[in-house]
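Scroll down for the structure; my scribbles are underneath it.
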Amino acid sequence: MSESARNVDFTFSDTIAGRVSGFDRQARVFSVATADGRSFDISLDGGPGAELLHNLGEPYQDATSHIDELLTPGAFVLAHGVFYPHGGALRFEAKRLIFVGRDADDFRFEEAGWWIRQIKEIAGFYRRAQFGDGPVDFADYRTEIRLGGDKTASHVQETDTISRLVYGMASAFLLTGEDEYLEVAERGTEYLREHMRFVDTDENVVYWYHGLKVDGDAETKLFTSEFSDDYDALPAYEQIYALAGPVQTYRITGDPRIKADADATIRLFDRFYLDPEDGGYFSHIDPILLSPHHSSLGPNTARKNWNSVGDHAPAYLVNLYLATGEQKYADMLEYTFDTIVERFPDPKNSPFVQERFHKDWSPDTTHGWQQNRAVVGHNLKIAWNLMRMHSLRPKDAYLQTAVSLGESMPEVGGDRQRGGWYDVVERVRVDGEERFRFAWHDRKAWWQQEQAILAYLILHGVTGRLDFRTEARDAQAFYNAFFLDHDEGAVYFNTTADGLPYLLGVERLKGSHSMSMYHSAELCYLAAVYNNLLAGGKPMDLWFKPDPALIEDRVLRVAPDLLPAGAVRIAAVEVDGAEHTDFNAQALTVRLPETSGRVKVRVRLEADSRPEVRG
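Each residue of the sequence shown is one higher than the one before, starting from 4 at the first, in my numbering.
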């Protein structure tokens with residue numbers, strides 16, 4: 004290594020995130036301990052600006068004149084500034100400070116209404132971006148949305164992005180009860196059924212088109228995927244995510260047509276994607292013979308991956324079970340999670356799971372862009388969803404795998420100096436190197452922050468471990484400090500490693516093949532549930548709008564998520580604004596009144612005392 008490589012003799016800007024460990028007022032220097040235990044001295048000589056963390060829709064809260072009072076021991080702070088060479092070492096001078104609360108025990112994102120306010124702002128952005136101030140007409144929907152909410156020249160409507168928007172709007176209604184969001188969700192669901200659904204009466208299944216190409220009044224259905232990884236095939240994940248929005252809407256409305264579509268799509272999975280010999284689900288089938296083995300699939304022939312096995316649960320299957328309580332959905336969940344814990348971990352070779360496989364479950368480490376690489380967020384997503392499943396059907400393997408991932412991921416997938424979580428890294432370290440190399444860059448994607456937040460919130464909430472609470476708080480701090488777009492609305496796709504928005508190419512967009520309100524809304528919904536009910540002991544409301552005549556036995560199921568038995572109970576119910584007492588508090592069910600037409604149901608949930616599960 005050259006002398007210049009050993010000694011950093013140039014300035015560079017960066018971010019340091021950690022907890023205050025000391026403050027020398029006279030020298031104008033404070034110290035922070037980062038997540039990996041290192042100590043940094045941060046100079047205030049440059050006269051930094053300071054702010055208190057603020058949510059979407061809130062005004063900037065200047066704290067520059069209160070820096071000294073806020074630098075209390077243990078307070079979490081994110082400092083952006085400049086490193087200067089100084090006497091053979093480096094000196095860091097802060098230019099911007101973000102405090103997440105007013106003292107060491109105050110985290111604004113743990114306020115009962117934080118995530119509810121955030122989802123309202125995000126829903127408002129996408130409502131305006133797609134439909135303006137006029138009526139909701141999905142003929143106007145476009146997949147690509149610019150940074151500020153304008154539409155691009157693209158006229159392709161992708162099924163999955165409509166479904167993801169529907170999911171987001173349904174989640175916004177669940178948290179707020181505002182009918183305009185449910186209107187978008189229901190009209191979007193209807194649009195999907197009318198334009199994107201194919202009912203195969205011969206096979207008794209439903210499958211979903213990739214999308215529509217709209218040109219004036221003419222529309223061309225796109226049967227197979229247009230996405231480069233899956234071109235001219237029917238990828239499982241597109242069929243999976245086609246259900247995400249409608250099924251979340253089904254939780255609210257109980258519309259039996261949605262359940263029928265979901266059941267028919269599950270029959271598609273079981274008939275054509277399921278591997279009855281070696282287990283799991285294939286990732287692709289060809290569009291003619293509906294076979295996973297056809298040579299036209301190229302590198303996707305007879306392959307399995309994380310999406311085809313693991314994405315059923317978070318996208319639709321958990322929510323379908325929550326809405327119905329039917330054991331066949333619990334059985335399918337158990338099957339997918341048993342497959343995950345048996346096939347995906349690879350502790351002898353890497354702390355990261357394997358994500359792609361051949362038919363016989365031998366790892367496929369030469370596939371496309373992934374090669375032998377790890378998507379950090381998929382590892383976190385596995386931990387999060389295993390903890391959910393452990394509450395439904397407890398198994399040591401679920402808990403142990405989730406806890407193991409929760410313990411190992413911070414050091415290999417997280418940024419221990421700046422906060423936040425990385426994107427794609429090599430699964431195996433190069434000999435002699437200390438870190439896993441980045442595949443392409445060290446940027447941070449919004450959806451991977453979501454996986455970290457939800458994983459560590461539920462890990463803490465179920466196990467009670469304080470180290471998991473710390474990880475959850477650190478992840479929420481980075482996300483809320485740097486991903487919220489206070490100028491244009493909603494959230495950024497990517498940031499640089501130090502938290503600055505990365506606004507080039509597809510990553511500049513607010514709507515794309517990859518982004519359409521799904522992950523940001525899922526985060527708001529479940530972070531509200533986990534922070535309030537599972538970790539914080541605070542009550543919260545959920546809203547529903549069913550037609551009692553369409554609900555089996557008029558029993559509405561209102562469980563917010565798969566949580567430990569007895570963790571949550573119903574405290575009160577209102578139907579159309581009037582008190583309603585016909586409910587089972589522990590079973591989380593409400594017997595609806597006999598009435599004609601739809602009713603609006605407000606359910607107050609509260610945390611119940613319970614023994615902690617130790618991981």
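No residue lacks a Cβ here, since even glycine has one placed at the ideal position from N, Cα and C.
Check                                                                                                                                                                                : Outcome
For the beta strand (DSSP E) containing Phe128, list its first residue and its last residue.                                                                                         : Where Phe128 is concerned, there is no enclosing beta strand (DSSP E), although the alpha helix (DSSP H) it sits in stretches over 117-134.
For a cutoff of 9 Å on Cβ pairs, would you count Ile243 as touching chain B?                                                                                                         : No chain B is part of this structure, which consists of one protein chain only.
What are the boundary residues of the alpha helix (DSSP H) that includes Tyr87?                                                                                                      : It is not in any alpha helix (DSSP H) - Tyr87 instead sits in the beta strand (DSSP E) that spans 79-89.
Just to confirm, are Pro366 and Asn303 a CB contact at a threshold of 9 Å?                                                                                                           : no
In whole angstroms, what separates the C-alpha of Gly40 from that of Met390?                                                                                                         : 28 Å
Leu506 and Val561 - do their beta-carbons sit closer together than 9 Å?                                                                                                              : no
From this set, Gly219, Ala448, Gly371, Phe481, which residue's C-alpha is nearest Ser231's C-alpha?                                                                                  : Gly371
Counting only runs of 4+ residues fully inside the segment 6-36, write out the alpha helix (DSSP H) ranges in chain order.                                                           : 6-9
If we ignore side chains and look at the alpha-carbon of each, how far apart do Glu577 and Arg557 end up?                                                                            : 15 Å
Tell me whether the beta-carbon of Ala588 lies closer than 9 Å to the beta-carbon of Ala574.                                                                                         : yes
Roughly how many angstroms separate the alpha carbons of Asp470 and Leu460, rounded to a whole number?                                                                               : 11 Å
Do three or more CB pairs link the segment 117-125 to the segment 523-540 at distances below 8 Å?                                                                                    : yes
Measure the beta-carbon distance from Tyr521 to Tyr170 and round it to whole angstroms, keeping in mind my assumption that it falls under 8 Å.                                       : 5 Å
Beta-carbon within less than 6 Å of Arg270's beta-carbon, same chain only, minus the 5 sequence neighbours each way: which residues are those?                                       : Val208
Report yes or no: do three or more beta-carbon pairs, one from the segment 372-385 and one from the segment 410-425, lie closer than 8 Å?                                            : yes
Could you work out which residue in Arg149, Arg260, Glu280, Phe485 is closest to Leu55 when comparing CA atoms only?                                                                 : Phe485
Would you give the residue range spanned by the beta strand (DSSP E) that Ser523 belongs to?                                                                                         : Premise fails: Ser523 lies in the alpha helix (DSSP H), 521-532, not in any beta strand (DSSP E).
Helix, strand or coil: how does DSSP classify Leu323 here?                                                                                                                           : helix
Pop quiz: Asp501 and Asp44 are said to be a contact at Cβ under 8 Å. What is the actual Cβ separation, rounded to whole angstroms?                                                   : Actually they do not touch by this definition, with Cβ atoms about 18 Å apart.
When DSSP labels each residue in this structure, what does Asp426 get in the three-state scheme?                                                                                     : coil
Would Val217 and Gln160 be called neighbours here (beta carbons separated by less than 9 Å)?                                                                                         : yes
Assuming Leu81 contacts Ile101 under a Cβ cut-off of 8 Å, what Cβ separation, rounded to an integer in Å, is found between them?                                                     : 4 Å
State the Cα-Cα distance for the pair Val321 and Asp564, rounded to the nearest angstrom.                                                                                            : 8 Å
State buried or exposed for Ser5, treating a residue as buried only when at least 16 other CB atoms are found within 10 Å of its CB.                                                 : Reliability of the predicted coordinates at Ser5 is poor, the pLDDT of 44 falling under 50, and the value obtained from them is presented with this limitation in mind. Per the 10 Å Cβ criterion, exposed.
In terms of residues, what are the limits of the alpha helix (DSSP H) holding Thr499?                                                                                                : Thr499 -> no alpha helix (DSSP H), and no H or E assigned at all.
Would the beta-carbon of Val378 fall within 9 Å of that of Arg346?                                                                                                                   : no
Pairs of beta-carbons, one from the segment 88-105 and one from the segment 165-179, closer than 8 Å: are there three or more?                                                       : no
Could you name the residues of the same chain whose beta carbon sits closer than 6 Å to that of Val604, not counting the 5 residues immediately before and after it, in chain order? : Phe547, Val578
Consult DSSP for Val616 and reduce its assignment to one of helix, strand or coil.                                                                                                   : Below a pLDDT of 50, predicted positions are generally treated as unreliable, and Val616, at 49, falls in that range; the measurement from the model is reported next regardless. In this structure, Val616 counts as coil in the three-state DSSP scheme.
Starting from the N-terminal side, write out each stretch of the alpha helix (DSSP H) that is 4 residues or longer and does not extend beyond the segment 292-320.                   : 309-313
Do Thr204 and Leu215 have their C-beta atoms within less than 9 Å of each other?                                                                                                     : no
Using the C-alpha atoms, what's the distance from Thr75 back to Lys362?                                                                                                              : 56 Å
Taking the alpha helix (DSSP H) that Tyr401 falls in, what are its first and last residues?                                                                                          : 399-416
DSSP three-state call for Asp44: helix, strand or coil?                                                                                                                              : strand
Check the DSSP bridge columns for Leu237 and list the partner residues they point to.                                                                                                : Ile288
Quick one: Cα of Arg376 to Cα of Glu429, how far?                                                                                                                                    : 4 Å
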